[in-house]
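Student: FYI, the numbering for the sequence shown is 178 to 709, going by the working numbering.
By construction, the Cβ of each residue, glycine as well, lies at the ideal position given by its N, Cα and C atoms.
Just so it is clear, the structure is predicted and the values come from calculations on it, not from any experiment.
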Amino acid sequence: MTFRLALACLLLAPVSAASAAPVPPPAAMTEGGRVEGVHLASGVQAFLGIPYAAPPVRDLRWKDPQPVAAWQGIYHADRHAPQCMQPQRNLRANQYSGAEITSEDCLYLNVWTRPGLQKAPVIVYIHGGGFYIGSSAMPIYGGEAVARQGAVFVSFNYRLGALGFMAHPELSAESPYRTSGNYAFMDQIAALKWVARNIARFGGDPSNVTIMGQSAGSMSVQALQASPLTAHLFHRVVGMSGAIAGGPSATPPLAEAEREGVKLQSVLRAKSLAELRAMPADRIVVPRTPDGPKIGPSQDGYVLPQSIEQTLARGAHHDVPALIGFTHDESFGGLGPVRDLADYRAKVEARYGARAAEFLALYPAGNDGEARDSARAADRDSTMASSMGLWADAMTAHGHARVYSYEFARPHTYAAGAAFSDLDPATAGAYHTSEVPFWLGTLESFNLYRKTRAWTADDVAFSKAMTQSLIAFARTGNPDTPALHWRPYVAASPILLQLGASAKPAPWPDRAKFEFFRKENQPRPTGGALRD
Numbered sequence: 178m179t180f181r182l183a184l185a186c187l188l189l190a191p192v193s194a195a196s197a198a199p200v201p202p203p204a205a206m207t208e209g210g211r212v213e214g215v216h217l218a219s220g221v222q223a224f225l226g227i228p229y230a231a232p233p234v235r236d237l238r239w240k241d242p243q244p245v246a247a248w249q250g251i252y253h254a255d256r257h258a259p260q261c262m263q264p265q266r267n268l269r270a271n272q273y274s275g276a277e278i279t280s281e282d283c284l285y286l287n288v289w290t291r292p293g294l295q296k297a298p299v300i301v302y303i304h305g306g307g308f309y310i311g312s313s314a315m316p317i318y319g320g321e322a323v324a325r326q327g328a329v330f331v332s333f334n335y336r337l338g339a340l341g342f343m344a345h346p347e348l349s350a351e352s353p354y355r356t357s358g359n360y361a362f363m364d365q366i367a368a369l370k371w372v373a374r375n376i377a378r379f380g381g382d383p384s385n386v387t388i389m390g391q392s393a394g395s396m397s398v399q400a401l402q403a404s405p406l407t408a409h410l411f412h413r414v415v416g417m418s419g420a421i422a423g424g425p426s427a428t429p430p431l432a433e434a435e436r437e438g439v440k441l442q443s444v445l446r447a448k449s450l451a452e453l454r455a456m457p458a459d460r461i462v463v464p465r466t467p468d469g470p471k472i473g474p475s476q477d478g479y480v481l482p483q484s485i486e487q488t489l490a491r492g493a494h495h496d497v498p499a500l501i502g503f504t505h506d507e508s509f510g511g512l513g514p515v516r517d518l519a520d521y522r523a524k525v526e527a528r529y530g531a532r533a534a535e536f537l538a539l540y541p542a543g544n545d546g547e548a549r550d551s552a553r554a555a556d557r558d559s560t561m562a563s564s565m566g567l568w569a570d571a572m573t574a575h576g577h578a579r580v581y582s583y584e585f586a587r588p589h590t591y592a593a594g595a596a597f598s599d600l601d602p603a604t605a606g607a608y609h610t611s612e613v614p615f616w617l618g619t620l621e622s623f624n625l626y627r628k629t630r631a632w633t634a635d636d637v638a639f640s641k642a643m644t645q646s647l648i649a650f651a652r653t654g655n656p657d658t659p660a661l662h663w664r665p666y667v668a669a670s671p672i673l674l675q676l677g678a679s680a681k682p683a684p685w686p687d688r689a690k691f692e693f694f695r696k697e698n699q700p701r702p703t704g705g706a707l708r709d
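#1: With DSSP collapsed to three states, give me the class of Asp255.
#2: Quick check on this structure: which residue in Ala339, Glu437, Ser449 and Val200 has the alpha carbon closest to the alpha carbon of Arg460?
#3: Taking three-plus beta-carbon pairs below 8 Å as touching, is the segment 311-319 in contact with the segment 598-606?
#4: Asn678 and Ala631: beta carbons closer than 7 Å?
#5: Exposed or buried, which one is Glu452 when buried takes at least 16 other CB atoms within 10 Å?
#6: Taking only the alpha-carbon atoms, compute the straight-line gap between Glu437 and Ala350 and give it to the nearest angstrom.
#7: Applying the criterion that 16 or more other CB atoms from any shown protein chain within 10 Å of the CB defines a buried residue, is Lys681 buried or exposed?
#8: When the Cα of Ile227 is compared with those of Val525, Arg238 and Gly214, which residue comes out closest?
#9: Mind checking who Leu381 pairs with in its DSSP beta bridge?
#10: Ignoring anything shorter than 4 residues, give me the alpha helix (DSSP H) runs that lie fully in the segment 527-569, in order along the chain.
#11: Grab me the residues of Asp558's own chain with a C-beta within less than 6 Å of its C-beta, minus the 5 sequence neighbours each way, in chain order.
#12: How close, in whole Å, do the beta carbons of Trp289 and Val212 come, if the pair is a contact with beta carbons under 8 Å?
#13: Exposed or buried, Arg730, counting other C-beta atoms within 10 Å across all chains shown (16 or more means buried)?
#14: Would you mind working out which of Val331, Gly327, Gln326 and Phe308 sits nearest Gly716, comparing C-alpha positions?
#15: Roughly how far, in whole angstroms, is the beta-carbon of Val637 from the beta-carbon of Ile317, given that I think they are within contact range, below 8 Å?
#16: So within the segment 193-241, which uninterrupted beta strand (DSSP E) runs reach at least 3 residues, ignoring any that extend past its ends?
#17: With a threshold of 8 Å, are at least 3 pairs of Cβ atoms found where one atom belongs to the segment 564-583 and the other to the segment 272-292?
#18: By the 10 Å Cβ neighbour count, where 16 or more other Cβ atoms means buried, how is Ala205 classified, buried or exposed?
#19: Just list the residues that DSSP pairs Lys681 with in beta bridges.
#20: Can you have a look at Lys448 and say buried or exposed, based on whether 16 or more other CB atoms are within 10 angstroms of its CB?
#21: By DSSP, does Glu584 sit in helix, in strand, or in coil?
#22: On a Cα-Cα basis, can you pick out the residue from Pro430, Val386, Leu431 and Ser418 that is closest to Phe411?
#23: Between the alpha carbons of Thr629 and His575, how many angstroms are there, rounded?
#24: Tell me the rounded alpha-carbon separation between Glu347 and Trp239.
#25: Please report how far the alpha carbon of Leu539 lies from the alpha carbon of Ser551, in whole angstroms.
#26: Looking at C-alpha atoms only, which residue of Leu441, Ser280 and Ala368 is the closest neighbour of Lys471?
#27: Apart from the five residues just before and just after Ala400, which ones in its own chain have a Cβ nearer than 7 Å to its Cβ?
#28: Pull up the distance between the alpha-carbon of Phe503 and that of Asn698, whole angstroms please.
#29: With DSSP run on the structure shown, which of helix, strand or coil describes Gly705?
#30: What did DSSP end up calling Leu600 once you bin it into helix, strand or coil?
#31: Roughly how many whole angstroms lie between the Cα atoms of Pro498 and Asn655?
#32: For the alpha helix (DSSP H) that contains Ala394, what are its first and last residues?
#33: Quick one, which of Leu567, Gly618 and Gly478 has its alpha-carbon nearest Ala669's?
#34: Under a three-way DSSP split, which group does Leu410 fall into?
#35: Enumerate, from N- to C-terminal direction, the unbroken alpha helix (DSSP H) stretches of 4 or more residues contained entirely within the segment 452-489.
#36: Can you give the Cα-Cα distance for Glu321 and Gln645, rounded to whole angstroms?
Next comes the structure, spelled out in structure tokens:
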């Protein structure tokens with residue numbers, strides 16, 4: 178981070194009396210030292226790339242995040258820090274927004290605030306990306322719109338892939354906790370501790386912190402809600418389209434995770450842990466393959482002493498107000514696209530075998546169109562909606578805090594000729610991640626690299642209403658506003674707020690469907706679980 182520091186003694190060029198005095202940059206004194214950010218045209222102040230932990234390199238690779246060394250002089254927080262090590266993204270992907278620098282030295286955070294704020298609600302956003310890609314620098318996760326409406330917004334990077342989650346017997350042996358893996362979750366906890374100690378200097382209230390995430394970020398929110406290490410670090414949760422408990426991404430026990438780490442060591446042809454630590458980081462960050470080592474969150478006995486399902490069932494999670502939901506057309510795995518009715522039935526038979534008739538009773542189809550609709554609904558329910566519903570059920574059954582829920586069903590408005598490698602605008606609907614720019618007010622992030630959206634005035638107004646509802650929830654624990662009316666979740670007759678062409682109450686999917694997929698996602702006898 179030394180390239181971001183300025184010497185305290187600067188040579189100042191003379192300025193003529195006729196010249197207007199430059200506006201000094203916004204500044205704050207953090208525990209590490211003085212930081213200076215930038216003024217945005219909207220009046221928001223942005224502090225970008227502030228270190229919250231020491232660089233996790235060399236001997237600190239696969240170690241708990243360590244404190245930042247204090248600096249002398251000024252730290253210029255005027256640009257995003259490098260993203261954590263990850264495979265490169267496709268230039269034609271839907272969310273591609275330009276090249277980013279990648280580095281193992283990546284544990285930095287960003288703060289957006291507004292002049293004059295005091296004890297404002299704080300929203301800490303955890304980015305998604307399957308725990309192996311993603312970055313807080315992606316424009317879709319920008320905090321300017323949220324800060325402009327009166328909350329302090331924080332985002333941060335955390336270690337990804339094998340660098341963030343590899344468990345290994347040798348790592349467990351050297352750990353004071355006799356465990357390994359889940360370094361990414363420890364990074365997230367370190368960022369929350371930084372917020373607790375420093376956010377008041379940016380106008381935020383450390384006693385009113387909301388953690389928010391989507392996809393893997395939402396899974397992280399659930400893990401942090403279940404961890405005993407996060408007591409008093411947050412006071413509300415927002416989870417969007419991602420839950421570990423009850424879904425296909427359930428955490429394996431430490432012993433199984435360690436075996437996967439040994440497999441990775443073999444794939445990398447490293448003879449020892451010392452060789453792994455000396456290896457260039459880009460050799461360790463390899464794309465995931467179906468038959469490769471399964472590296473991800475685990476029941477490490479420290480961050481997660483037991484499965485999240487067990488923690489929720491015991492009521493041992495942090496009982497705080499929650500806002501959770503999913504999108505109408507998202508899916509991962511499952512049956513995938515189907516051509517016609519015959520293809521649908523064949524895929525159901527191949528996938529569910531003896532339970533195929535039960536599945537078809539829940540997702541019937543009498544023609545090709547119904548087959549395609551049922552396949553998409555089943556894929557959504559099996560990978561996202563069911564696990565989010567089970568999360569809501571567990572929180573209301575074993576806690577006292579209110580839970581609110583939504584289904585985002587509003588397709589994006591695409592520019593003429595927009596085309597992507599990973600998404601077909603004609604059939605995408607309300608796809609996975611599509612709600613994020615509406616919540617955060619970052620609709621134009623899709624037009625920064627190339628114009629792909631033709632947002633309407635109604636889109637912009639709907640996004641503003643969603644952002645206001647998010648801030649209301651962060652401030653009070655209740656998202657209700659004059660524009661959006663919410664009902665608390667009641668497990669006996671669950672109602673969500675469907676955010677589509679308009680906002681209206683709607684029932685959750687049939688619980689019999691959730692129970693079907695809960696049985697499908699039960700752990701194997703070894704204690705592991707299928708993960709995407």
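Tutor: Working from what's here:
#1: When DSSP states are grouped into helix, strand and coil, Asp255 belongs to the strand group.
#2: That would be Ala339, whose Cα lies nearest to the Cα of Arg460.
#3: With the cut-off at 8 Å, the segment 311-319 and the segment 598-606 do not touch.
#4: Correcting the residue identity first, residue 678 is Ala in this sequence and not Asn. For Ala678 and Ala631, no; Cβs fall outside 7 Å.
#5: By the C-beta density criterion, Glu452 is exposed, having fewer than 16 other C-beta atoms within 10 angstroms.
#6: Going by the C-alpha atoms only, they are around 16 Å apart.
#7: Burial call: exposed.
#8: Answer by Cα proximity: Gly214.
#9: Checking the sequence, you will find Gly at residue 381 rather than Leu. In the DSSP output, where bridge partners are listed per residue, Gly381 has Ala297.
#10: For the alpha helix (DSSP H) assignment, the uninterrupted runs of no fewer than 4 residues enclosed by the segment 527-569 are, from N- to C-terminal side, 533-539 and 545-557.
#11: A distance below 6 Å between beta-carbons, with the five flanking residues on each side excluded, links Asp558 to the following residues of its chain, in chain order: Pro686 and Lys690.
#12: The Cβ separation is near 13 Å, so there is no contact.
#13: Because the chain here runs from 178 to 709, residue 730 falls outside it and cannot be looked at.
#14: This structure does not reach residue 716, given that the chain is present from 178 up to 709, and the question cannot be answered.
#15: In this structure, Val637 and Ile317 do not form a Cβ contact; the two beta carbons are roughly 16 Å apart against a cut-off of 8 Å.
#16: The qualifying runs are 204-206, 211-213 and 222-228.
#17: These segments do not touch.
#18: With a 10 Å radius around the Cβ and a threshold of 16 neighbouring Cβ atoms, Ala205 comes out buried.
#19: In DSSP, Lys681 forms a bridge with Gln675.
#20: So Lys448 ends up on the exposed side.
#21: Glu584: strand per DSSP, three-state reduction.
#22: Residue Val386 holds the alpha-carbon nearest to the alpha-carbon of Phe411 among Pro430, Val386, Leu431 and Ser418.
#23: Rounded to whole angstroms, the separation of the alpha carbons of His575 and Thr629 is 44 Å.
#24: Rounded to the nearest angstrom, the gap between the Cα atoms of Glu347 and Trp239 is 11 Å.
#25: Between Leu539 and Ser551, the C-alpha separation is close to 9 Å.
#26: For the set Leu441, Ser280 and Ala368, the Cα lying nearest the Cα of Lys471 is the one of Leu441.
#27: Short of 7 Å from the beta carbon of Ala400, and not among the five residues preceding or following it, lie these beta carbons of its own chain, in chain order: Phe362, Ile421, Pro474, Leu481 and Ile485.
#28: Rounded to whole angstroms, Phe503 to Asn698 spans 18 Å at the Cα level.
#29: Bear in mind that the predicted position of Gly705 carries a pLDDT of just 33, short of 50, making it unreliable; the figure below should be weighed with that in mind. Of the three classes helix, strand and coil, the one that applies to Gly705 here is coil, per DSSP.
#30: It is coil, neither helix nor strand.
#31: Taking the CA atoms as reference points, Pro498 sits about 8 Å from Asn655.
#32: Residue identity check: residue 394 is Gly in the sequence provided, not Ala. From DSSP, the alpha helix (DSSP H) with Gly394 extends over Ala393 to Ala403.
#33: The shortest Cα separation from Ala669 among Leu567, Gly618 and Gly478 belongs to Leu567.
#34: Three-state DSSP puts Leu410 in coil, outside helix and strand.
#35: The segment 452-489 contains these whole alpha helix (DSSP H) runs: 458-461.
#36: Glu321 and Gln645 have their alpha carbons spaced roughly 13 Å apart.
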